[in-house]
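When you read off a place in the sequence shown, starting at 1, and then add 15, the result is the number in my numbering.
Even for Gly, the Cβ is constructed at its ideal location relative to N, Cα and C.
All values derive from a computational prediction rather than experimental measurement.
Shown next, in structure tokens, is the structure this report addresses.
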Amino acid sequence: MLDFATPSLVPSAEKPALYCNSLTGYSRRKTITVPIGNVPLGSDYPIRVQSMTTIDTMNTLGSVEQSIKMIEAGCEYIRITAPSVKEAQNLENIRKELRARGYTTPLVADIHFTPNAAELAARIVEKVRINPGNYADRKRFEVIEYTDASYAAELERIRAKFLPLIRICKEYGTAMRIGTNHGSLSDRILSRYGDTPLGMVESALEFLRICDDENYHSIVLSMKSSNPQVMVEAYRLLVQRLDAEGLKPYPLHLGVTEAGEAEDGRIKSAVGIGTLLEDGLGDTVRVSLTEDPELEAPVAQALIDRYAKRAGHSQIPEIRQYPINPYQYTRRKTREVANFGGVNVPRVIADYSEIPVTHHEQLRPIGHFYLPVPDKWRMNDLGADYLYTGSQPASFMLPNGLKEILDYSVWLSATDQVHKFPLLDTSTYLNSRQKPGGLHPLLNFVVTQLGDFSDELASALSEDQHVVLVVRTENTHAMAELRRLYVELINREIFCPVVTLRSFPDSQGDSLQLYAATDIGGLLVDGLGDGAWLATDQLPDLSSEERLATANRYNSTAFGILQAARTRMSKTEYISCPSCGRTLFDLQETTATIRKRTDHLKGIKIGIMGCIVNGPGEMADADYGYVGIGKDKISLYRGQQVIKKSVTAEHAVDELIELIKEDGRWNEPESE
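This is the structure in structure tokens:
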């Protein structure tokens, strides 16, 4: 019998085992087909969109009306919670009413804790989702010492509880999603494997092996977490482990759980989901936003649509030696240049090359505020680190926290060549190195792309202690080409810091946030990148007001990407579930209230959960938790420990703030 706790089960950089068909050529992972009603799932079909109702499942007409809104917004599967037998029974009424109105979209029952509800639902709907962390286990946050014999006995207990559902699914032709959540791993799994991606994978594989023994293969798998870094590593490891064990290549359901709302929710979702889609992983997508469920589908579709024609991208040289461990985060080793690289957090460069910087207020969109009295500058938590003005230098002295980058030709004639820094293309940099005074003595930015990389450039970068490389690409398969360039640097042992630059033609809608979060965030998840730069060179003609609004959006997006990738915590993070029929309060309103009171608490993570299912476990690494436990009743958590029970909703936010104050982590917000 294999010991699944052995470290050798996790591939490493020394023993690489790829989780995708190619690291440089877009190729969707081949999977089996899983029939789900009239909408089959798998690699022979388009990537599917789904979401989950938020109405009480016992409200038949409300559930039907909301389902119709979701279907018309693009949902191809509708998931509905069934926390007990009565909700599972009512799925039949919901299904009948939808069919009577002409809607044949498959329904998915979402099950936690209650095998009897799952067994009933499997006779009614097209698919059942179970969470292996709580289907046959209870979570008490206890560390348990297992012998091999006692652990095997636990697996036999799980088998006995799980077999009835498998047999019902086989009889009724019902599909199943085995959906692991990072925050709800059982005490048994945590005791054996720890709070790790490996633990997430093994939690699902324990159930999957039972299905395989029963010759039941209508299975979809998921590895969801509120931390995109953990989520990405878990999915990759799952694919590798399926292949290593000779199990079937099951389709994958992708999602970042409890992503939150608005910009933060979209960026966090894209860092996780987009990173996997880039490598051809994923067959159905759910974007979990704390918003109305019909608003999730267009975001998921926008992520998916980016890959509809990806297979025809410009060729990228293969990666023959992969120096990155894709299953465990390690930041690329770099030397420190100014405040880039080394142990410094990734920096943000704001692009004002199309905005003449003539007055102080123009810097407000990127987090720098001038106070006439007392004649000082103030910077907020989203204050950009560098300002690229291109060929139009700022007409006044910038604040100390903001440094200026100029095009090289303009820098050469600048009156202040000490406090401003040059940006050079590859050939200009190589030529200027040979000229006395041709470069800044402390910091030079060199922009390049994979096609410009040469032995001469590699040699110069290895020797130069004062260069920050800026990498960009025009390839449709952008993240892969940028990754290929990072790999070139690692393999050649070049340690200069690197800023990832991306530009996009569309400044409106969700696309900028989603695409930038995928391309820059996907690299950061693998430890690649010492800065983020969203360039404006592809934008259309805009008014001055529109350009400043775009600068604000780009700056916020860049900081949001760094935060979602867990590389620079610059603001409060909200781990809020997307709501469902189990929710015991208005999640959107409550999240907005908590955000309004706490969004100045830099680096603190607050979980906002609608019910105990999405409670202390699902919050995973939140510092504080606000969890619904009954009508008008809230429990407050410090980490995963309940501190205050049954607080009335009217006073719960105040009590949450008092808890933060007790821990000495509160500071009063500053007025701007």
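Taking the DSSP output, what are the residues bridged to residue i?
i, result
"E419", "L402, K435"
"Y639", "I621, R653"
"W548", "I364, L516"
"V772", "Because the chain here runs from 16 to 687, residue 772 falls outside it and cannot be looked at."
"N196", "K239"
"Q65", "Y92"
May I have the straight-line CA-CA distance separating residue i from residue j, to the nearest angstrom?
i, j, result
"G630", "V642", "At G630, the pLDDT of 46 sits below 50, so the modelled position is not reliable and the matter cannot be decided from this model."
"T582", "R114", "48 Å"
"I370", "F510", "33 Å"
"D152", "Q104", "23 Å"
"L543", "L304", "27 Å"
"I95", "L122", "7 Å"
"K176", "L262", "22 Å"
"L223", "K611", "43 Å"
"D440", "D545", "19 Å"
"L106", "T69", "14 Å"
"P266", "G289", "16 Å"
"H434", "E419", "7 Å"
"A547", "I535", "7 Å"
"H374", "P414", "12 Å"
"Y161", "T272", "30 Å"
"Q464", "T488", "6 Å"
Report buried or exposed for residue i, applying the criterion of at least 16 other Cβ atoms within 10 angstroms of its Cβ.
i, result
"A97", "buried"
"M85", "buried"
"L688", "Outside the displayed span of the chain (16 to 687) sits residue 688, for which this structure offers no information."
"G188", "exposed"
"H268", "buried"
"E91", "buried"
"R172", "exposed"
"P61", "exposed"
"K324", "exposed"
"G327", "exposed"
"D479", "buried"
"G117", "exposed"
"T211", "buried"
"P555", "exposed"
"G416", "exposed"
"R64", "Correcting the residue type first, residue 64 is Val in the shown sequence and not Arg. Result: buried."
"K586", "buried"
"M412", "exposed"
"P308", "buried"
Note down, in chain order, each residue of its chain lying with its Cβ closer than 8 Å to the Cβ of residue i, except the 5 sequence neighbours on either side.
i, result
"I609", "Y589, I621, I623, Y641, V668, L671"
"I675", "T613, L616, I619, Y639, W681"
"T663", "D647, K648, I649"
"N146", "I126, H127, G194, T195, N196, S199"
"A168", "none"
Compare the Cα-Cα distances from residue i to each of the options and report the closest residue.
i, options, result
"V462", "R281, Q255, V514, I381", "V514"
"K101", "K176, A190, T75", "T75"
"T491", "V662, N149, C184, P520", "P520"
"I505", "P338, P130, D298, R517", "P338"
"L577", "T299, L397, A277, P332", "L397"
"N395", "F384, P389, Y150", "F384"
"A573", "D552, Q316, S518", "S518"
"R568", "G382, E471, A136, T606", "G382"
"A124", "S469, P341, I109", "I109"
"N149", "R182, D202, I183, I181", "D202"
"S368", "A550, A167, L291", "A550"
"S42", "Y322, Q377, V140", "Y322"
"R499", "V485, T606, I334, D678", "I334"
"P55", "T120, D470, E112", "T120"
Ordered along the chain, which non-local residues of its own chain (more than five positions away) have a Cβ less than 7 Å from that of residue i?
i, result
"E293", "M494, A495, T533, G537"
"K45", "S58, P264"
"L170", "E221"
"M215", "T195, H197, L200, M238, A249"
"G575", "E278, D279, I282"
"L457", "A353, H481"
"M16", "Because the pLDDT of M16 is 25, which lies under 50, any placement of that residue in the model is unreliable, and the question is left without a value."
"Q244", "Y344, V540, A580, R581"
"R346", "G542"
In its own chain, which residues sit with a C-beta less than 6 Å from the C-beta of residue i, not counting the 5 before and 5 after it?
i, result
"S474", "none"
"S477", "I509"
"I183", "E134, A137"
Nearest chain D C-beta to residue i closer than 8 Å, yes or no?
i, result
"T189", "Judged by its chain identifiers, the structure shown contains no chain D, having just a single protein chain."
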